[in-house]
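Chains as they are written, first to last, in my numbering: chain A, 1 to 164; chain B, 1001 to 1164.
Protein chains: 2
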Amino acid sequence: MLNIRPLEANDWPSVWAVLEPTFRSGETYAYAPDIGEAEARAVWVGAPLACFVACEEDGTILGTYCLKPNQPGLGSHVCNCGYVVAERARGRGVASAMCEHSQREAVARGFHAMQFNLVVSTNEGAIRLWRKHGFDVVAVLPGAFRHRRRGFVDALVMYKQLES
Amino acid sequence: MLNIRPLEANDWPSVWAVLEPTFRSGETYAYAPDIGEAEARAVWVGAPLACFVACEEDGTILGTYCLKPNQPGLGSHVCNCGYVVAERARGRGVASAMCEHSQREAVARGFHAMQFNLVVSTNEGAIRLWRKHGFDVVAVLPGAFRHRRRGFVDALVMYKQLES
């Protein structure tokens, strides 16, 4: 059983342990692979509207996601989410559970749609998963992501109108 | 003759006079139509990598644009620009001149591509102009802009790979 709850201040070390290998890999998120812990905390926890953690029954944090408006003012009814799952917890439905949770949260907060701005085209598992959750690929951005191992690769914009 | 040069600190009052009617209209930019001057200054001048003004021969500021990376780190080779032309200077090629200038600036700064994230679908003049300058419509985002008069309208993502 997975429990998804709002992030609390003392969760940060566990959340950073989940985020760090993903950010360092430079394969799926645009943040500089050498991002410092303080900056990572600012972008993941400080900037968004809300941040959540997905926990095992014993409280171990297996994943985290954050939710924020994708644009200011007249574009702020479309939200953006980022999700990261601990390497050792992959394949257990954690991303899927967080994606569903985030859509309910987004609807509850009055958002009309959810947009992912930079889905790396080589991140096939994620693309398959977001499609399964009703997201459409609305754009291919040629060479928009500098993959740490593969060099410049395309990135996708994915979008879903939410039902309230 | 139009002179496009880097913005200087004492240009701000003239730049704000150009920006304010556009931001207040709520028809083309997502910033809240009641945005305060200090916040507008922070987003237009403070946040971007570089900011420019387009001046008449007598120095009157007719337009302004700003240039910044569209994403951090591994997406920072794609830039984003915003352009605003004074109402009374429209139809005189100011936006076109700034668009060309911004592409040269972007190439000089090492950017590979330029992306516009939220081109309001009802802003037909702008869409026509960006197409003329080689930008492709890569996405339609359904209902992504809350137009102040027309309600929810689609927004476009436009993208151009730059030649260095």
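Glycine included, each C-beta is placed from N, C-alpha and C at the ideal position.
| Check | Outcome |
| --- | --- |
| Chain A residues whose Cβ lies nearer than 7 Å to that of B:Val1157 | Ala139, Val157 |
| CB contact below 7 Å: A:Phe145 versus chain B | yes |
| Cβ-Cβ separation, A:Cys66 to A:Trp44 (assumed contact under 8 Å), whole Å | 6 Å |
| Contact the segment 54 to 65 of chain A vs the segment 85 to 94 of chain A: 3+ CB pairs below 8 Å | yes |
| Close-in-space but distant-in-sequence residues of the same chain around A:Arg41 (CB under 8 Å, 5 per side omitted) | Trp12, Trp16 |
| CB contact below 7 Å: B:Val1078 versus chain A | yes |
| Residue range of the alpha helix (DSSP H) that includes B:Thr1022 | 1012 to 1025 |
| Residues that DSSP places opposite B:Ile1004 in a beta bridge | B:Ala1054 |
| A:Ala183 versus A:Glu124 - alpha carbon distance | Not covered by the structure: residue 183 of chain A. The range shown for chain A is 1 to 164. |
| Terminal residues of the beta strand (DSSP E) in which B:Leu1156 lies | 1151 to 1161 |
| Sequence-distant residues of the same chain with beta carbon closer than 7 Å to B:Ala1047, five excluded per side | Lys1068 |
| Within 8 Å of chain B by C-beta, residues of the segment 97 to 124 of chain A in sequence order | His112, Ala113, Gln115, Asn117, Leu118 |
| Proximity winner among B:Ala1050, B:Pro1033, B:Leu1019, B:Ile1035, relative to B:Arg1005 (alpha-carbon distances) | B:Ala1050 |
| Residue-chain proximity (A:Tyr31, chain B), Cβ-Cβ < 7 Å | yes |
| Strand pairing of A:Ile61, partner residues [DSSP] | A:Cys55 |
| Span of the beta strand (DSSP E) around A:Leu129 | Here A:Leu129 belongs to no beta strand (DSSP E); instead the alpha helix (DSSP H) covers 124 to 132. |
| Limits of the beta strand (DSSP E) - the one that A:Val94 falls within | Per DSSP, A:Val94 belongs to no beta strand (DSSP E); it is in the alpha helix (DSSP H), 94 to 108. |
| Beta-carbon proximity check, A:Gly165 vs B:Tyr1031, cutoff 7 Å | In the structure as shown, chain A starts at 1 and stops at 164, and residue 165 of chain A therefore has no counterpart that could be examined. |
| Cα-Cα separation, B:Val1172 to A:Asp58 | The question about residue 1172 of chain B has no answer here: the residues shown for chain B are numbered 1001 through 1164. |
| Close Cβ partners of A:Asp154 (< 6 Å) along its chain, the five nearest in sequence each way excluded | Ser121, Val140, Pro142 |
| Cβ-Cβ distance between A:Leu156 and A:Val137 below 7 Å | yes |
| Assigned secondary structure, A:Leu49 (DSSP; H/G/I helix, E/B strand, else coil) | coil |
| Unbroken beta strand (DSSP E) run spanning A:Ala139, endpoints | 136 to 147 |
| Delimiting residues of the beta strand (DSSP E) encompassing A:Ala30 | Per DSSP, A:Ala30 belongs to no beta strand (DSSP E) and is neither H nor E. |
| Chain-ordered residues of the segment 46 to 74 of chain A with a beta carbon less than 7 Å from chain B | Gln71, Pro72, Gly73, Leu74 |
| Cβ neighbour criterion (16 or more within 10 Å) applied to A:Gly151 | exposed |
| Counted within 10 angstroms of its Cβ, other Cβ atoms place A:Met1 as buried (16 or more) or exposed | exposed |
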